[in-house]
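Colleague: The listed protein sequences derive, respectively, from chains A and B.
Residues -7 to 157, numbered by my numbering, are exactly what the first sequence covers, in order.
Residues 162 to 463, numbered by my numbering, are exactly what the second sequence covers, in order.
Every residue gets a Cβ at the ideal spot worked out from N, C-alpha and C, and that includes glycine.
Quick caveat, the model's predicted, so the values are computed rather than measured.
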Amino acid sequence: MENVCEDEVYSTIYNANSKTLFNYIYYKFGNAEKANDAIQDAFVKLWENCQKVAPEKAKSFLYTVANNTYLNVLKAEKVRLKYATNQKEVSHESPEFLMEEKEYQQKLEDALNALPENQRTTFLLNRIDGKKYAEIAEMEGVSIKAIEKRMHLALKELRSKIDGI
Amino acid sequence: MEENYLAKWLSNELSPEELKAFEQTEEYQSYAKLKAVSSRLQAPEFDMEGTFAQIKAKTASDSTKVIALKPYKSFLRIAAAIALLMVGAFAYLNFSNESVATEIAETAQLTLPDASEVVLNADSKVIYDEKDWDLQRNIILEGEAFFKVAKGKTFTVSTALGKVQVLGTQFNVEARKDFFEVSCYEGLVSVTFNNTTQKLPAGASLLFIRGKRMERAVSNLEPSWLNRESSFERVPLQFVINELERQFKIDVSLKNVDTEVLFTGSFNNTDLETALKSISTPSKLKFKVSGDNVLFYAEDTP
């Protein structure tokens, strides 16, 4: 029986989950430093409880702990997220086009910041991390249907904010 | 169009007919652009190796501790039980009960053994059995608290007025004298009051004032007091004043004030002056502050 206390199992869990967990908390907080602290806490807690947490439960354990850390500092921060954009695909375009793109991205960024936290997290986990709704549902501890609803509302809200409707 | 069709479109789950119909709509181009641009967004850099090194540094001291303690595990358990017994003899009737309480103007957060979260509002108390938590998730509440319950066995909140049962969800319970309110923010909760049980879905709130039942909608994602704001909807003024006395260290006295008037509005839990104005202005009252005493009186009082 594999055990989380074994270094190899622990590293595998870390490698498989740390990046997405970091992003997940970042989408909620909008603060990379705090997100990093939160995931460190989560992994330290996982180590402390490695006897009790089965490897297949480690992922949901990590999300629960990180989520709780998020809840504890939630009130302290005003969300202000910044997103890098992969510019490679548009770099050969005309200056006017690039200008428009830049404006559009600014609008998108503002609209994302204004979204309710759970809609933003769902939207970005899907768009940036390519997570399926079922997987996001597991992370958030809600049904797939609830995630679809959040996604639907997020798209509607983003579109109306960006188009100014 | 199908429910949540935008989500289905994004994950390529629309049927060919539905997709065609959606592509005909005038907003389609906007959504297509949103889909394309958002796919190019990136999260900030994450230093995976560096972070792992930091975690390792933090756990290094812990891991030696774990190994060293192993042979004494049963001894420690006995020692812990004795320690608890001794504490228990002084403090508790039942030695395995944990209790957390808040004073006036204070809030507190605690994490239960299953990682469920509880946030206590002012002048409130919870008692639970930490040792048997795995067997039964029972918590006794006096006052008001917000619960974020981890999935698992039935989670029961017992109060002097009524009982709330859930499996895993987010909800707020307020049990004060003559006042019992349960608001559900996620999932489904079961509320028992006067031997009647009712299911309460997310976005709904059930309130009993002096036994009188009221149902209303909850529009927020969490109770306002988590953001240091106490809000009320058609609640007799008496209960608003009771809450004010819990959020600030003050004694309120009243002169010519009808405490049965229904109050709708909110007050800030951090600034007394603002809070007093938030209550007095819509109620057409005046107030006077002297030290810890606040007097509300009717505007036309001589």
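Just to make sure I have the definition right: I need the residues of chain A whose C-beta is within less than 9 angstroms of the C-beta of THR431(B). Which are they?
Modeller: By one-based count along the second sequence, residue 431(B) stands at place 270. Per Cβ cutoff of 9 angstroms: no residues; THR431(B) is ~12 angstroms from chain A at best.
Colleague: Would you verify that the beta carbon of GLN32(A) is, or is not, closer than 8 angstroms to some beta carbon of chain B?
Modeller: Locating residue 32(A) in the first sequence gives position 40, counting from the first residue. Interface residue, yes.
Colleague: So the candidates are ALA276(B), PHE448(B), GLY304(B) and PRO274(B); which of them puts its Cα closest to the Cα of ILE265(B)?
Modeller: Within the second sequence, the letter at position 104 stands for residue 265(B). Closest by alpha carbon: GLY304(B).
Colleague: Would you check if the distance between the CB atom of ASN429(B) and the CB atom of GLU394(B) is smaller than 8 angstroms?
Modeller: Within the second sequence, the letter at position 268 stands for residue 429(B). Within the second sequence, the letter at position 233 stands for residue 394(B). No; because the gap between Cβ atoms is not below 8 angstroms, this pair is not in contact.
Colleague: Report the three-state DSSP secondary structure of ILE157(A) (helix, strand or coil).
Modeller: Numbered from 1 along the first sequence, position 165 holds the residue referred to as residue 157(A). ILE157(A) falls in the coil class under three-state DSSP.
Colleague: Leaving out five residues before and five after PRO397(B) in sequence, what residues of the same chain have Cβ atoms less than 8 angstroms from its Cβ?
Modeller: As a first step, residue 397(B) must be located in the second sequence, where it is residue number 236. Excluding sequence neighbours, PRO397(B) sits near ILE370, THR420, GLU421, VAL422, LEU423 and PHE424.
Colleague: Hey, ASN333(B) and PHE307(B): beta-carbon distance below 8 angstroms or not?
Modeller: Here the question's residue 333(B) lines up with position 172 in the second sequence. Here the question's residue 307(B) lines up with position 146 in the second sequence. A contact, by the Cβ cut-off of 8 angstroms.
Colleague: Under DSSP, the beta strand (DSSP E) around PRO177(B) begins and ends at which residues?
Modeller: Looking up residue 177(B) in the second sequence gives position 16. That residue, PRO177(B), is in no beta strand (DSSP E); its alpha helix (DSSP H) goes 177 to 185.
Colleague: With distances taken Cα to Cα, identify the nearest neighbour of GLN32(A) among ALA197(B), SER200(B) and MET209(B).
Modeller: The residue given as residue 32(A) occupies position 40 in the first sequence. Out of ALA197(B), SER200(B) and MET209(B), MET209(B) has the C-alpha closest to the C-alpha of GLN32(A).
Colleague: Can you tell me the Cα-Cα spacing of LYS148(A) and LEU195(B), whole angstroms?
Modeller: On the first sequence, residue 148(A) is found 156 positions in, with the first residue counted as 1. On the second sequence, residue 195(B) is found 34 positions in, with the first residue counted as 1. C-alpha separation (whole angstroms): 10 angstroms.
Colleague: If I measure Cβ to Cβ from ALA378(B) and keep anything under 8 angstroms in the same chain, skipping five residues before and after, which residues do I get?
Modeller: In the second sequence, the residue the question calls residue 378(B) occupies position 217. Correct list, in chain order: GLY364, ALA365 and SER366.
Colleague: Using only the alpha-carbon positions, how far apart do ASN381(B) and ASN355(B) sit?
Modeller: As a first step, residue 381(B) is located in the second sequence; it is residue number 220 there, counting from the start. As a first step, residue 355(B) is located in the second sequence; it is residue number 194 there, counting from the start. Each residue's alpha carbon lies about 28 angstroms from the other.
Colleague: Which residue or residues does DSSP assign as beta-bridge partners of GLU335(B)?
Modeller: For the purposes of this step, residue 335(B) is taken as the residue at position 174 of the second sequence. Its beta-bridge partners are GLU305(B) and GLU342(B).
Colleague: Let's see if you can read the secondary structure: which residues bound the beta strand (DSSP E) around PRO362(B)?
Modeller: In the second sequence, residue 362(B) corresponds to position 201, counting from 1. Segment 357 to 362, the beta strand (DSSP E) holding PRO362(B).
Colleague: Could you have a look at PRO397(B) and say whether DSSP puts it in helix, strand or coil?
Modeller: For the purposes of this step, residue 397(B) is identified with residue 236 of the second sequence, where counting begins at 1. Three-state DSSP puts PRO397(B) in a strand.
Colleague: Let me confirm a value: GLN331(B) is counted as buried when at least 16 other C-beta atoms fall within 10 Å, else exposed. Which label applies?
Modeller: Your numbering for residue 331(B) matches position 170 in the second sequence. When all chains shown are included, GLN331(B) counts as buried.
Colleague: For SER172(B), which residues in chain A fall below 9 angstroms Cβ to Cβ?
Modeller: Numbered from its first residue, the second sequence carries residue 172(B) at position 11. Within chain A, the residues near SER172(B) are ASN118, LYS124, TYR125, GLU140 and MET143.
Colleague: Please work out which residues of its chain come closer than 6 angstroms, Cβ to Cβ, to ILE288(B), disregarding the five sequence neighbours upstream and downstream, and give them in chain order.
Modeller: On the second sequence, residue 288(B) is found 127 positions in, with the first residue counted as 1. Excluding positions up to five away in sequence, the list reads ASN258, SER260 and ILE301.
Colleague: Please specify which runs of the beta strand (DSSP E), each continuous and at least 3 residues long, are wholly inside the segment 266 to 293 of chain B, giving them in chain order.
Modeller: Correct list: 269 to 272, 278 to 281 and 286 to 290.
Colleague: Strictly below 7 angstroms CB to CB, what residues from chain B border LYS148(A)?
Modeller: By one-based count along the first sequence, residue 148(A) stands at place 156. Near LYS148(A) (Cβ distances below 7 angstroms), the residues of chain B are LEU167.
Colleague: Use the C-beta contact count for SER451(B): other C-beta atoms within 10 angstroms, 16 or more gives buried, fewer gives exposed.
Modeller: Here residue 451(B) refers to the residue found at position 290 when the second sequence is read from its first residue. By the 10 Å Cβ count, SER451(B) comes out exposed.
Colleague: Please name the residue, chosen from LEU368(B), SER285(B), LYS292(B) and MET162(B), that lies closest to VAL325(B) on a Cα-to-Cα basis.
Modeller: Translated into positions along the second sequence, residue 325(B) becomes position 164. Nearest of LEU368(B), SER285(B), LYS292(B) and MET162(B) to VAL325(B), Cα basis: LEU368(B).
Colleague: Distance cutoff 8 angstroms, beta carbons only. Does ILE216(B) sit that close to anything in chain A?
Modeller: Position 55 of the second sequence holds residue 216(B). By this cut-off, ILE216(B) is an interface position.
Colleague: Select from LYS309(B), LYS312(B), ASN454(B) and ARG298(B) the residue whose C-alpha is nearest the C-alpha of MET319(B).
Modeller: Mapped onto the second sequence, residue 319(B) falls at position 158. Reading off the sequence, residue 319(B) comes out as Ser, not Met. SER319(B) has its Cα closest to that of ARG298(B), out of LYS309(B), LYS312(B), ASN454(B) and ARG298(B).
Colleague: Could you check how far apart the C-beta atoms of VAL134(A) and GLU347(B) are, in whole angstroms? I think they sit under 8 angstroms.
Modeller: Position 142 of the first sequence holds residue 134(A). Position 186 of the second sequence holds residue 347(B). Right, the Cβ-Cβ distance comes to about 7 angstroms (below 8 angstroms), so this counts as a contact.
Colleague: For TYR458(B), which beta-bridge partners are listed by DSSP?
Modeller: As a position in the second sequence, residue 458(B) is number 297, starting the count at 1. Paired residue(s): LYS416(B) and LYS447(B).
Colleague: From the DSSP output, in three-state form, read off PHE35(A) for me.
Modeller: Numbered from its first residue, the first sequence carries residue 35(A) at position 43. Three-state result, PHE35(A): helix.
Colleague: Return no unless some Cβ of chain A is closer than 8 angstroms to the Cβ of SER465(B).
Modeller: Nothing can be reported for residue 465(B): it is not among the residues displayed for chain B, which extend from 162 to 463.
Colleague: Tell me whether the beta-carbon of SER441(B) lies closer than 8 angstroms to the beta-carbon of PHE448(B).
Modeller: As a working note, residue 441(B) is residue 280 in the second sequence. As a working note, residue 448(B) is residue 287 in the second sequence. Yes. Within cutoff.
Colleague: Run through the DSSP bridge pairs and tell me what VAL150(B) is partnered with.
Modeller: Missing from the structure shown is residue 150(B); chain B here goes from 162 to 463 and no further.
Colleague: For GLY22(A), would you say it is in contact with chain B, using Cβ-to-Cβ distances shorter than 8 angstroms as the test?
Modeller: As a first step, residue 22(A) is located in the first sequence; it is residue number 30 there, counting from the start. Chain B contact via Cβ: absent.
Colleague: Rounded to whole angstroms, what's the CA-CA distance from LEU456(B) to ILE411(B)? Just pull it up for me.
Modeller: On the second sequence, position 295 is the one that residue 456(B) refers to. On the second sequence, position 250 is the one that residue 411(B) refers to. Going from the Cα of LEU456(B) to the Cα of ILE411(B) covers about 10 angstroms.
Colleague: Please identify, using Cβ separations under 7 angstroms, the residues of the segment 1 to 19 of chain A that lie next to chain B, in order along the chain.
Modeller: The residues in question are TYR6, SER10, LYS11, PHE14, ASN15 and TYR18.
Colleague: With VAL198(B) as the anchor, note down where its alpha helix (DSSP H) starts and where it stops.
Modeller: By 1-based counting over the second sequence, the position of residue 198(B) is 37. Its alpha helix (DSSP H) spans residues 189 to 199.
Colleague: Residues in its own chain within less than 7 angstroms of ALA168(B) by CB, not counting five upstream and five downstream?
Modeller: As a working note, residue 168(B) is residue 7 in the second sequence. For ALA168(B), where only same-chain residues beyond five positions count, there are no Cβ hits under 7 angstroms.
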